[in-house]
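A short worksheet on the structure shown next.
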Amino acid sequence: MAEKTYLQAISEGLRQQMRHDKRVFLIGEDIGVYGGAFKVTLGFQEEFGPWRVIDAPLSETAIVGGSTGAAIMGLRPVAEMQFSDFVSCAYDHLVTIAAKQRWRAGTPIPIVLRLPSGGGFSGGPFHSQNPESTFAHIPGLKVVCPATPEDAKGLIIAAIEDPNPVLFFEHKHLYRRIKGEVPDERYVTPIGEARIHQAGEDITIITWGAMVHTATEAAAEVPELSVEIIDLRTILPWDKEAVLASVRKTSKALVLHEDTRTGGFGGEIAATIGEEAFEHLDAPVRRVTAPDTPVPFAPVLEKAFIPQVADVAAALRSLAAY
Amino acid sequence: MAEKTYLQAISEGLRQQMRHDKRVFLIGEDIGVYGGAFKVTLGFQEEFGPWRVIDAPLSETAIVGGSTGAAIMGLRPVAEMQFSDFVSCAYDHLVTIAAKQRWRAGTPIPIVLRLPSGGGFSGGPFHSQNPESTFAHIPGLKVVCPATPEDAKGLIIAAIEDPNPVLFFEHKHLYRRIKGEVPDERYVTPIGEARIHQAGEDITIITWGAMVHTATEAAAEVPELSVEIIDLRTILPWDKEAVLASVRKTSKALVLHEDTRTGGFGGEIAATIGEEAFEHLDAPVRRVTAPDTPVPFAPVLEKAFIPQVADVAAALRSLAAY
Amino acid sequence: MTTARVAEPVGSLQEVQELGLDHEDLLGIYRNMVTTRLIEERGHILYRQGKITGSYYTGRGNEGAAVGIATAMGTHDVGTPLHRECGVHVTRGIEPWRIFAQFLAKADGPTHGRDGNIHLADDRLGLIAMVSHLPAMLPVSVGCALAFKIRDERRVSFGWFGDGSAARGDVHESMNFAGVMRLPMVFCCTNNLWAYSTPSHLEYACEHLADRAAAYGFEGVVVDGTDVLAVYREAKRAADKARDGGGPTLIETVSLRMEGHAVHDDAFYVPKELFDEWAAKDPLERYRTWLRENIGMTDETEDEITSHVKKLLNDSLERAEASPDPDPATLLDGVYATLADVETPHHK
Amino acid sequence: MTTARVAEPVGSLQEVQELGLDHEDLLGIYRNMVTTRLIEERGHILYRQGKITGSYYTGRGNEGAAVGIATAMGTHDVGTPLHRECGVHVTRGIEPWRIFAQFLAKADGPTHGRDGNIHLADDRLGLIAMVSHLPAMLPVSVGCALAFKIRDERRVSFGWFGDGSAARGDVHESMNFAGVMRLPMVFCCTNNLWAYSTPSHLEYACEHLADRAAAYGFEGVVVDGTDVLAVYREAKRAADKARDGGGPTLIETVSLRMEGHAVHDDAFYVPKELFDEWAAKDPLERYRTWLRENIGMTDETEDEITSHVKKLLNDSLERAEASPDPDPATLLDGVYATLADVETPHHK
Ligand SMILES: Cc1ncc(C[n+]2csc(CCOP(=O)(O)OP(=O)(O)O)c2C)c(N)n1
Ligand SMILES: Cc1ncc(C[n+]2csc(CCOP(=O)(O)OP(=O)(O)O)c2C)c(N)n1
Ligand SMILES: [Mg+2]
Ligand SMILES: [Mg+2]
């Protein structure tokens, strides 16, 4: 066990799984010689060679569609989109083939897409998005959004071992900023199980990705409240039972995500709580999210866009006062 | 005023708007000589010529991206996807450029996409989908889903006149099945305003598209209940005030849509009701939707997939009993 | 300016024998073409009887191209045939009752009533079920070739697309990717001169679609799709080359779509003379004549094959009709795969 | 086999005069190239000063290609330049302070701090602001040409893409669509030999990207991107042809990306000799020499231009820095357009 960054944890998970399973290969733009735009796969091509760490042409459709074909032929592709924003270029492939082929024709598609996502560093409208809600609406896909180094490692391995298409969102703003103890050995963190990031009694925050850390800071700003923070870790499937159990206990819930509000996955969670924990609620389920705009470039605007600690703290206080 | 089918109403709206505004042109696969897969544009090429009714190559990206360019140059393109399912092939274009260009760079993109959608005739997984929820999550787009011939005509004209990208979902199962009185003259039905399809006191059903008719039949099956049916007509923007006003009156709400459940737009509506009408609710907001699978081909399976009158009636009864 | 090679028709028996086809093979090809034609004709009857719901598509006129290419596929090769390529499924050996069961949305069909038409495949036969979105299967096909390259296997992947869908970006990304990586791919373009109601000159502006191969650094070949043996020869060459590490080939087979786009379409927009012209070179008829002239196929043999196929199809249809409807209670099953599911023939 | 025409370098003054460029024009080109170079160099300084947030990209080495093409654009023509084409914006006449304001995420920049880098445009100058997704602007560019065709206007649309993004489906759909409809398009491929860290041979397998034009039924031309006048000549020819109804042309300009992909990238993967080789034919230096040799540009004129540009940029930077930060209260404004918004120069 050693302290590692979120980025190192992903890198280590990938490397260990590639050593463990010869079927695993990586494909993406600039992942080989360059080691990836974020250097997650630095040194991989040296170790595994150019046919297991493939520098692909600038072709998101061919990369994702090609991964599907290779998966059907028995390999375990892990494709990187240079930024998760560019997954829009492979959208058709994902929803039309990867998501439906198992149900429709009995053909499982064990592929992983690595998707560096999220804002916080002035990346602008096309290098900062959080498109996980879009894909969480597509039956047949799995959507994973780790918040901690430990989970990031265990979940990337789980994603590769999973016999389904898994979208693995890596929050770029956590890459080097967040450190934590990470076991040295290969291990699997199950997909679909939430984690109680912080136990509490008064209010439940349901969140994932970088917002887990925002929630933690916000809770610390309101020490008079006992806040339970649920890190969903995966949003398709999502751990409804864990959320409902917590809300039944606290009777107040706040759903927090970095993606925009209308049609964001927070709506699904809030609706489900409203439907299945109706009698337990002492206040409306609140959502704290980005507003319905693209992601702005200017730091002052980006700060107004991404939910801040103060926004969450204010929502906690208002819920408490309800 | 004469009785027209839903399809005739759309066709008439398109034709009148093309006569009214020389900037309007149509583009799509097989829309010219053939008159479109559903014959919505039958005879249009004769009247308006091949440069206002363009038979495009099988190129969804070029059709939608090209429409954007033509719109920026001052035209008013109306692009048809042969089936709404194929809009997945133009997804990147819509979310990356059309949706964001106004906010980001000040360039409005007045385009309309006509999207024949929905199931009910054994079209199978790729000719029956309802992808409106996906796009209702994208700020900058508008999403319109008419349920009646009168609205279909007024809304297609509104969509063309709107200075923004509008996705116009035409429910294929209504095309020839649903008739209604449609004014003969050109008129505009405003985007963003719901319509009380049927007034009532006990329970509110919020729905759109083909499900408006399912809701009506279901309400008729439960005559002991006074059901208010709100036809949203447009889901981005959606008429929150109309919904909240109704729910504050009835205190019970059922959200009904043909799209699949998890991450569907019903979650947004239910979450909003839960958040903003919390104190008025006498029961949890229920959702009746398709289950989380692709759309099946076999009629027996499709019936199990698409919400049926009996499903809605059962939900009404259970809500009433709550 | 055309850069593609225009393939000669196949002439003599000797040439064909040199290609490795013996008497039995030649009759087998004929049987596959007849079977394909008759399966699709039955489909029309089933549709008129109201037993096929939704729409219904055939590949009439394309039997030569489909069977010709499939005959050139090796046992361990894989393919992603589309809606005009029923002949590929037949040649690879799918049992016709399963195709009928699919048409009829039955529980025992390959997709168990979840999808219809020829949106099916049997992975034991090295085929992958198509989606409607054209030609979204092509990158998948390229991915199969990538797997062969990565594992250094002597296998080839065959991917189909149409003259219309050639306009989509997926084709470009697929061909570029395969060209750059010199993957063992055979790109099979079924040019049936129309894309629904859209004629070729509104779909592309080069002379032959096979000319495009040059843009990706490999060879393009145009071949008459009604000449099953010429198609076979070109596909075999391309497959051999791919197997030997020579990279992809694009084969464009040309023939006319002899029916409407689907059953609801009377193809009024196709000039009648064009139908007449291509009817005169019907691939089945053309091959029948060749067999009679070159290997002396007798009326007897012919009748034997035809009646064998008819009997097979009668039995198949009976079996298919006897299959139950899918059980709505199973609707939710299998959205996600289990680990056991990846133990399919494909995945091994 | 290459199908593209390889353009000759520009030689004599006479040739250039026949192209319609007079003394003033020639000096104007030089000024635009210098301005482009110096704007981008300032950007580096601003980045190092921590004043540019996020990332920062330049088109160093591409000034000749960008300015050359833009000089050939007519007043009413339109274009969708990308991240290496700052020279197009400059040539079309954007005021440099606005570029700096954009770099600095200021309220008065063209996108008011909503987007950064050269993701900007001024619609009064016939340009449309790029998105990051490469090359998603190309179909938009084709759509502009479609509008010209529909309205029968003598205007031309110029769309850019890179050697790397040439692999994306959008390029194919764009070129096919424009070829089929013979639209007034000039496709401008900025081949700077690398796509981020990826060299050409991993991006495409034909000899020249311009060879691909043949696949779409129009002409392809390769031209040395460091030869601003040759680029101008080819772009002018292509534009004239398009204006006269002759359809699209694909122009591939070749030069080396002289810096890393973006400021964080030291381009360790580019062989040092390659940098040396291309540094020796720096487009600015090359043109400067040509001007001295052919129109006798003096040290004096040169200094005058340079100091004029420097002063302009100093003032511009001052003005940009004086612009306020965007007001967070405006964040939600303008997600949707109003009817008044469509009264932009573009939309008329
Ligand atoms: C992406 C996409 N857009 C539209 C369609 C609707 N469609 C089905 S077949 C067809 C024509 C296809 O033409 P071609 O590729 O030549 O194949 P053919 O049917 O002629 O064999 C169209 C437009 C589709 N299936 N996929
Ligand atoms: C669709 C898409 N995928 C990936 C990227 C990330 N990316 C930005 S520039 C670049 C390389 C582009 O290469 P090229 O087209 O040759 O343009 P250059 O930057 O060399 O001018 C990549 C991969 C992107 N912008 N868009
Ligand atoms: Mg065709
Ligand atoms: Mg490049």
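Protein chains in written order, with this note's numbering: chain A, 1 to 322; chain B, 1001 to 1322; chain C, 2001 to 2348; chain D, 3001 to 3348. Just so it is clear, CB atoms sit at the ideal spot from N, CA and C, and this is done for glycine as well. Quantities reported herein were computed from a predicted structural model and do not represent experimental measurements.
Only counting the same chain, and skipping five residues up and downstream in sequence, which positions put a Cβ closer than 8 Å to that of residue i?
i, result
"phenylalanine 297(A)", "Ser122, Gly123, Gly124 and Pro125"
"tyrosine 2057(C)", "His2083, Arg2084, Asn2117, Ile2118, His2261, Ala2262 and Val2263"
"threonine 107(A)", "Ile72 and Gln101"
For the alpha helix (DSSP H) that contains residue i, what are its first and last residues?
i, result
"arginine 2288(C)", "2283–2294"
"tryptophan 103(A)", "101–105"
"leucine 3317(D)", "3299–3322"
"arginine 19(A)", "6–20"
Identify the continuous beta strand (DSSP E) that holds residue i and give its terminal residues.
i, result
"phenylalanine 297(A)", "Unbroken run through phenylalanine 297(A): none, as it is neither H nor E."
"arginine 76(A)", "76–80"
"lysine 1142(B)", "1142–1144"
"leucine 3120(D)", "Taken as a continuous stretch (DSSP letters only), leucine 3120(D) belongs to no beta strand (DSSP E), as it is neither H nor E."
"histidine 1197(B)", "1195–1198"
"lysine 179(A)", "179–182"
Considering only residues of the same chain and omitting the five flanking positions on each side of residue i, which have a CB-CB separation below 6 Å?
i, result
"isoleucine 1063(B)", "Ile1027, Ala1056 and Ala1079"
"leucine 113(A)", "Ala79 and Leu167"
"asparagine 130(A)", "Ser117, Gly118, Glu258 and Asp259"
"tyrosine 3036(D)", "Residue 3036(D) is actually threonine in this sequence, not tyrosine. Cβ within range, chain order: Glu3063, Cys3086, Gly3087 and Val3090."
Strictly below 8 Å CB to CB, what residues from chain D border residue i?
i, result
"arginine 1102(B)", "Gly3334, Val3335, Tyr3336, Ala3337 and Asp3341"
Relative to the C-alpha of residue i, which candidate in the options has its C-alpha closest?
i, options, result
"lysine 1022(B)", "Gly1069(B), Gln1129(B), Ala1152(B) and Glu1161(B)", "Glu1161(B)"
"isoleucine 2251(C)", "Ala2213(C), Val2342(C), Thr2080(C) and Val2016(C)", "Ala2213(C)"
"asparagine 3032(D)", "Leu3125(D), His3044(D) and Thr3091(D)", "Thr3091(D)"
"arginine 3243(D)", "Glu3040(D), His3076(D), Arg3005(D) and Ala3066(D)", "His3076(D)"
"isoleucine 3295(D)", "Cys3144(D), Leu3021(D) and Glu3041(D)", "Leu3021(D)"
"tyrosine 2030(C)", "Asp2327(C), His2044(C), His2133(C) and His2308(C)", "His2308(C)"
"valine 24(A)", "Trp51(A), Ala90(A), Lys249(A) and Leu141(A)", "Trp51(A)"
"leucine 3134(D)", "Phe3103(D), Ser3174(D) and Gly3113(D)", "Ser3174(D)"
Please go through the same chain and pick out, in chain order, the residues whose beta-carbon is closer than 7 Å to the beta-carbon of residue i, but skip the five residues on each side of it.
i, result
"tyrosine 1235(B)", "Note that residue 1235(B) corresponds to isoleucine in the displayed sequence, not to tyrosine. Closer than 7 Å at Cβ, skipping near neighbours: Glu1132, Ala1136, Val1143, Cys1145, Trp1208 and Phe1265."
"valine 3108(D)", "It is aspartate, not valine, that sits at residue 3108(D) in the sequence shown. Within the same chain, aspartate 3108(D) has close Cβ partners Ala3101 and Ser3323."
"glutamate 276(A)", "Leu244"
"aspartate 2122(C)", "Ile2094 and Pro2110"
"alanine 1158(B)", "Val1188, Thr1189, Pro1190 and Ile1191"
Is residue i a contact residue of ligand 2, with contact defined as CB to any heavy atom under 7 Å?
i, result
"arginine 3084(D)", "yes"
"glutamine 1017(B)", "no"
"arginine 3168(D)", "yes"
Output, in chain order, the set of chain B residues within a Cβ distance shorter than 7 Å of residue i.
i, result
"aspartate 2282(C)", "Those within 7 Å of aspartate 2282(C) in chain B number zero; the least Cβ separation is about 26 Å."
Indicate, with yes or no, if ligand 4 has a heavy atom lying under 7 Å from the CB of residue i.
i, result
"tryptophan 3160(D)", "no"
Listing by chain order, which chain D residues have their CB less than 9 Å from the CB of residue i?
i, result
"valine 2180(C)", "Ala3167, His3201, Leu3202, Glu3203, Tyr3204 and Ala3205"
Could you list which residues in chain A have their beta carbon closer than 7 Å to that of residue i, in chain order?
i, result
"threonine 3053(D)", "Ser122 and Pro299"
Any heavy atom of ligand 1 closer than 7 Å to the CB of residue i?
i, result
"glutamate 1060(B)", "yes"
"histidine 2261(C)", "yes"
Kindly list, in the order they appear in chain B, the residues whose Cβ is closer than 8 Å to that of residue i.
i, result
"histidine 2023(C)", "Result: empty, since nearest Cβ-Cβ is about 41 Å, beyond 8 Å."
List, in order along the chain, the chain G residues whose C-beta lies closer than 7 Å to that of residue i?
i, result
"arginine 2114(C)", "Judged by its chain identifiers, the structure shown contains no chain G, and its protein chains are A, B, C and D."
Residues of chain D with CB closer than 7 Å to the CB of residue i, please, in chain order.
i, result
"valine 33(A)", "Ser3197 and Tyr3269"
"phenylalanine 86(A)", "His3133"
I want to verify the contact list: residues of chain C whose CB lies under 9 Å from the CB of residue i, in sequence order.
i, result
"aspartate 92(A)", "His2133, Ala2136 and Asp2170"
Mind listing the chain C neighbours of residue i? Cutoff is C-beta to C-beta under 8 Å, in chain order.
i, result
"threonine 3003(D)", "Met2001, Thr2003 and Ala2214"
In chain order, what residues place their C-beta within less than 7 Å of a heavy atom belonging to ligand 6? Ligand 6 is not among the ligands present in this structure, which contains only ligand 1, ligand 2, ligand 3 and ligand 4.
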